[in-house]
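Peer 1: Sharing a structure below in C-alpha cells format, with a few things to ask.
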Amino acid sequence: MKDFVYLASQSPRRKQLLEQIGVRYELLLATPDEDAESLERLIPGEAPLTYVKRVTQLKLEAAVKRMQARGLKPAPVLCADTTVALGRVILGKPENEQDAVRILKTLSGQTHRVLTAVAVASGRRRLLSVSVSKVTFAPMKLSEIKAYVASGEPFGKAGAYGVQGMAAAYISDIQGSYTGIMGLPLFETSVLLKNI
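Add 4 to a position in the sequence shown, counting from 1, and you land on the number used in our numbering.
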C-alpha cells in the first residue's frame, strides 16, 4: 500500500493491528494542551452503543482539525474507541487499583459486551462501523483479581483487562471479533479503508 492513514490513537495494540494487515500509518496524536480525555465523558443514561459511536465521531473530528491545523499532507484519518458494557452499564478505564478490582469483580463469572467503533475521514466523507462481541469471564477469586491488578495490565484499558494479555487465562468464551475486543476490528477497518 503506497498510501498511508493518520492513526489518531495512542494504543500500541491499534498500531500492531494495522501493521498486521499491512496498513501504513503515521500517528496523529493530541498535544498536551488538547483535552482529549474530555471527549470520553459519559452522558448519564447514555446507551453503550450510542456512547461508543458519539465518542469515536468526536475523536475523528478532533483529529481532522488537528491534521488541518498542523498543515499536514491530506490523508485518511482513522480512529477508534472501545467500550465494555455489562447490560447498559459502561465499564470504563480504571481510575486506580481499587477501581480496577471493582470492575473485574463485576465482570467475574459474567458475559459482557465489547463494542469497538472505528471511523475514517477522507475529505468530507465520514464512515463509521461498530463491532460488537461477547466475552465471558470464568469466576475469579479475589486473590486472582488482585494479582492481575498488581501486574499493571488493567490500566488504560476499558473494562480493566486486555484480551491479548494475562486476562486470557480467565476468559472462557468469546463470540465475535477478537481484534475488535483488542481495540481495532480488522475486518470492519479493512472494509472502511477500501470504501474510503
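Don't be surprised by glycine CBs; every beta carbon is placed ideally from N, CA and C.
As the structure is a computational prediction, the values presented were derived from the model and not from experiment.
#1: By a C-beta neighbour count over all protein chains shown, 10 Å radius and 16 as the cutoff for buried, is residue 115 buried or exposed?
#2: Sort 153, 86, 123 by Cα distance to residue 169 and report the nearest one.
#3: Alpha carbon to alpha carbon, how far is residue 196 from residue 6? Give it in angstroms, no decimals.
#4: In chain order, what residues of the same chain lie with their CB nearer than 6 Å to the CB of residue 124, ignoring the 5 residues before and after it?
#5: Have a look at the DSSP bridge pairing and note the partners of residue 126.
#6: In terms of residue numbering, what span does the beta strand (DSSP E) encompassing residue 165 cover?
#7: Quick check on the burial criterion: 16 or more other C-beta atoms within 10 angstroms. Buried or exposed for residue 63?
#8: What separation, rounded to the nearest whole angstrom, lies between the Cα atoms of residue 140 and residue 178?
#9: On the DSSP bridge assignment, give the partners of residue 30 in chain order.
#10: Under the assumption that residue 59 contacts residue 43 (Cβ atoms under 8 Å), give the Cβ distance between them as a whole number of angstroms.
#11: Per the DSSP calculation, residue 207 is bridged to which residue(s)?
#12: Hey, residue 187 and residue 17: beta-carbon distance below 8 Å or not?
#13: I'd like to confirm the pairing. Which residues does DSSP put opposite residue 84 in its beta bridges?
#14: To the nearest angstrom, report how far apart residue 133 and residue 119 are at their CA atoms.
#15: Within this structure, are the beta carbons of residue 97 and residue 117 separated by less than 8 Å?
#16: Which ranges would you report for the beta strand (DSSP E) in the region 56-105 if only whole runs of at least 3 residues count?
#17: Of the choices 184, 51, 167, 32, whose alpha-carbon is the least far from that of residue 77?
#18: To the nearest angstrom, how far is the alpha carbon of residue 158 from that of residue 149?
Peer 2: Put simply:
#1: If you draw a 10 Å sphere on the C-beta of residue 115, you find fewer than 16 other C-beta atoms in it, and that means exposed.
#2: If we check each option's Cα against that of residue 169, 153 comes out closest.
#3: Confidence at residue 6 is low in this model, with a pLDDT of 49, below 50, so the placement of that residue is unreliable and no value is reported for it.
#4: Excluding its 5 nearest sequence neighbours in each direction, residue 124 has C-beta neighbours in its own chain below 6 Å: 80, 82, 131, 196, 200, listed in chain order.
#5: Residue 126 pairs with 129.
#6: Per DSSP, residue 165 is not a residue of any beta strand (DSSP E), being assigned neither H nor E.
#7: Flag for residue 63 reads buried.
#8: Their backbone Cα atoms lie some 6 Å apart in a straight line.
#9: 10.
#10: That belief holds up - the Cβ atoms of residue 59 and residue 43 are roughly 6 Å apart, short of 8 Å.
#11: With the chain covering only 5 through 200, there is no way to say anything about residue 207.
#12: Going by C-beta atoms, residue 187 is nearer than 8 Å to residue 17.
#13: 122.
#14: Near 10 Å, if we compare the C-alpha coordinates of residue 119 and residue 133.
#15: Contact annotation: residue 97 and residue 117 have beta-carbon atoms that are not nearer than 8 Å.
#16: Qualifying beta strand (DSSP E) stretches, in chain order: 81-90, 93-95.
#17: If we check each option's Cα against that of residue 77, 32 comes out closest.
#18: Each residue's alpha carbon lies about 10 Å from the other.
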